[in-house]
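If you want this note's numbering, it's the 1-based position in the sequence shown plus 329.
Before any comments, here is the structure.
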Amino acid sequence: MKQFEQSDALKRLPEQFFAKLAGKVNRYKEAGHDIINLGQGNPDQPTPEHIIHSLQSAAEKPAFHKYPPFRGEPFLKQAVADFYKREFDVTVDPEKEVAVLFGGKAGLVEVSQCLLNKGDKALMPDPGYPDYWSGVAMAEAEMHPMALLEENDFLPDYNAISEEDFEKAKLMFLNYPNNPTGAQATESFFEDTIKLANQHDFCVVHDFAYGAIGFDGNRPISFLEVEGAKDVGIEIYTMSKTFNMAGWRVGFAIGNPSVIESINLLQDHLYVSLFSGIQEAAAEALLGSQKCVEELAQTYERRRSVLIEGLRGIGWDVKAPAGSFFSWLKVPDSFTSEEFADYLLEEAKVVVAPGNGFGEYGEGYVRAGLNTPEDRLVEAVNRIKQLDLF
Ligand SMILES: Cc1ncc(COP(=O)(O)O)c(C=O)c1O
Numbered sequence: 330m331k332q333f334e335q336s337d338a339l340k341r342l343p344e345q346f347f348a349k350l351a352g353k354v355n356r357y358k359e360a361g362h363d364i365i366n367l368g369q370g371n372p373d374q375p376t377p378e379h380i381i382h383s384l385q386s387a388a389e390k391p392a393f394h395k396y397p398p399f400r401g402e403p404f405l406k407q408a409v410a411d412f413y414k415r416e417f418d419v420t421v422d423p424e425k426e427v428a429v430l431f432g433g434k435a436g437l438v439e440v441s442q443c444l445l446n447k448g449d450k451a452l453m454p455d456p457g458y459p460d461y462w463s464g465v466a467m468a469e470a471e472m473h474p475m476a477l478l479e480e481n482d483f484l485p486d487y488n489a490i491s492e493e494d495f496e497k498a499k500l501m502f503l504n505y506p507n508n509p510t511g512a513q514a515t516e517s518f519f520e521d522t523i524k525l526a527n528q529h530d531f532c533v534v535h536d537f538a539y540g541a542i543g544f545d546g547n548r549p550i551s552f553l554e555v556e557g558a559k560d561v562g563i564e565i566y567t568m569s570k571t572f573n574m575a576g577w578r579v580g581f582a583i584g585n586p587s588v589i590e591s592i593n594l595l596q597d598h599l600y601v602s603l604f605s606g607i608q609e610a611a612a613e614a615l616l617g618s619q620k621c622v623e624e625l626a627q628t629y630e631r632r633r634s635v636l637i638e639g640l641r642g643i644g645w646d647v648k649a650p651a652g653s654f655f656s657w658l659k660v661p662d663s664f665t666s667e668e669f670a671d672y673l674l675e676e677a678k679v680v681v682a683p684g685n686g687f688g689e690y691g692e693g694y695v696r697a698g699l700n701t702p703e704d705r706l707v708e709a710v711n712r713i714k715q716l717d718l719f
């Protein structure tokens with residue numbers, strides 16, 4: 330069989346760190362171990378029924394069996410605009426300021442291809458969601474890490490970035506509520522970001538994947554709520570987490586019209602839009618009852634409390650996340666992140682994601698997800714307790 334060589338762009342792609350972790354976990358499962366997997370970020374609950382029913386009836390509409398409009402169904406873009414108005418009091422033009430995406434991940438990779446040239450710089454949260462790196466690598470651009478440190482509440486310290494690096498930057502990625510640290514942003518932080526973006530002409534891409542998951546009464550802030558945000562950037566919203574629709578692959582880019590136009594232009598060449606039945610069900614999710622979203626956030630908050638209080642109860646000094654469905658846990662001094670994750674897997678059959686997979690500044694931490702029922706979180710704590718580490 331001929332082996333065709335991959336293009337240079339593909340060769341530049343970073344290693345999929347978490348594919349390696351999944352392989353390791355599968356080997357333990359195949360060996361018959363009862364694994365508690367806190368390593369993943371995959372919502373564990375089903376999509377609410379009214380959304381499923383909407384797709385079922387939409388599937389029967391012959392009009393939806395044809396190609397959908399290239400840039401998405403106008404009714405869905407209007408639903409996104411209505412959702413942003415209702416949830417965040419943000420006004421957007423559905424045609425010029427909303428792009429329909431095949432999930433947030435697609436948009437996060439596409440935006441680098443839209444805005445970056447060879448040698449350009451992208452400011453990147455570290456630790457951060459690894460998919461940001463992929464688009465930057467394919468564009469032959471360079472990453473400039475912004476350390477997210479516990480002492481700064483996991484917000485980047487802009488004073489630590491030189492004027493020169495800001496000048497070279499074309500893009501900045503941000504993500505709050507944050508994966509992996511569970512931190513939330515503040516309005517004043519976004520104000521500082523907008524000021525810098527204006528001063529240095531870079532585009533801000535705020536990944537709002539966990540926009541519905543805030544704890545202790547702290548509602549997550551949309552970047553677009555802050556004055557001037559639309560002048561300098563976009564927000565990426567996904568149906569995956571808010572509505573347990575990760576398998577449906579629906580997301581949106583919202584904000585600066587020139588960036589939305591670029592994303593739409595690229596997508597005109599890559600795809601025709603999503604199946605219109607999925608678009609109709611997504612509109613139903615955005616416009617229908619939001620009781621399921623409230624319940625979802627409460628479920629994650631209860632799980633968060635079970636895990637954090639449990640771990641504190643066995644002597645592990647851990648910080649409670651303010652949002653997202655992740656806990657960012659400092660590992661004992663004698664371990665690296667990877668050693669500790671391996672140790673928990675081998676000795677307790679508990680999977681956590683090693684922090685170094687999210688970047689250099691993730692070293693010293695592991696990420697535990699809350700996509701597991703409360704009784705299994707209790708069991709995970711009990712298993713870790715047996716190891717007598719704390
Ligand atoms: C921070 C962050 N951004 C984006 C995504 C992508 O979500 P999706 O592609 O399902 O919309 C995820 C998924 O895990 C995520 O954690």
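Glycine included, each C-beta is placed from N, C-alpha and C at the ideal position.
These numbers were taken from a predicted model, which means no experiment stands behind them.
- With a cutoff of 8 Å on beta-carbon distance, P343 and P454 are scored as not near each other.
- The secondary-structure analysis by DSSP pairs R696 across a beta bridge with W657, A682.
- Taking C-beta separations shorter than 7 Å and ignoring five residues to either side along the sequence, the partners of I523 in its chain run V555, G557, A558, V561, following chain order.
- Per DSSP, E479 lies in no beta strand (DSSP E) and is assigned neither H nor E.
- In this structure, the straight-line span from the alpha carbon of H473 to that of G464 is close to 14 Å.
- Taking non-hydrogen atoms of ligand 1 into account, the C-beta of T420 is found less than 7 Å away from none of them.
- For F412, there is no enclosing beta strand (DSSP E); the enclosing alpha helix (DSSP H) has its first and last residue at 403-417.
- Proximity of the beta carbon of T510 to ligand 1 is not indicated: no heavy atom of the ligand is located closer than 7 Å.
- Comparing alpha-carbon positions, the option among A526, N488, G584 lying closest to L500 turns out to be A526.
- Going by beta carbons, T701 and I365 fall inside the 8 Å limit.
- Taking a C-beta distance under 8 Å as the contact criterion, V579 and G432 qualify as a contact pair.
- With a threshold of 7 Å, the Cβ atom of D536 counts as near ligand 1, since some heavy atom of the ligand is closer than that.
- Relative to the Cα of R341, the nearest Cα in the group D363, G457, A468 belongs to A468.
- Under the DSSP assignment, A498 falls in the beta strand (DSSP E) whose first and last residues are 498-504.
- Comparing C-alpha distances from Y539 to each of A514, W462, G684, D530 shows the shortest one belongs to A514.
- Within the chosen limit of 7 Å, ligand 1 reaches the beta carbon of G433 through at least one heavy atom.
- Relative to Q596, the option among G436, Y396, K678 whose CA is nearest is G436.
- Placement of the Cβ of L437 at a distance of less than 7 Å from at least one heavy atom of ligand 1 is found.
- Of all alpha-carbon atoms in Q407, K390, P509, the one lying nearest the alpha-carbon of K659 is that of P509.
- Apart from the 5 residues on each side of it in sequence, G688 sits with its Cβ closer than 7 Å to the Cβ of D455, P456, G457, P474 in its chain, given in chain order.
- Distance from the C-beta of N504 to the nearest heavy atom of ligand 1 is below 7 Å.
- Around the beta carbon of Q345, a 10 Å sphere encloses fewer than 16 other beta carbons of the protein chains shown; the residue is thus reported as exposed.
- With 16 or more other Cβ atoms inside 10 Å of its own Cβ, M574 counts as buried.
- One thing to note: A470 has its Cβ no nearer than 8 Å to the Cβ of G606.
- Bounds of any alpha helix (DSSP H) do not take in F581; it lies within the beta strand (DSSP E) bounded by 580-584.
- Restricting attention to I643, K570, L636, Y600, the CA atom closest to the CA of E624 is found in K570.
- When secondary structure is reduced to three states using DSSP, E471 falls in the strand class.
- Placement of the Cβ of G580 at a distance of less than 7 Å from at least one heavy atom of ligand 1 is found.
- In the three-state reduction of the DSSP assignment, L342 falls in the coil class.
- Y487 is the residue among F544, L699, Y487, D449 whose C-alpha sits nearest the C-alpha of E520.
- If you ignore the 5 residues before and after D418, its C-beta comes within less than 8 Å of the C-beta of E554, all in its own chain and listed in chain order.
- Rounded to the nearest whole angstrom, the C-alpha separation of N585 and P398 is 22 Å.
- Between K349 and the set E667, Y690, D704, Q715, the nearest pair of CA atoms involves E667.
- According to DSSP, P372 shares a beta bridge with no other residue.
- Below 8 Å, enough C-beta pairs join the segment 695-712 and the segment 667-685 to call them touching: three or more.
- Distances taken from the Cβ of Y458 to the heavy atoms of ligand 1 include one shorter than 7 Å.
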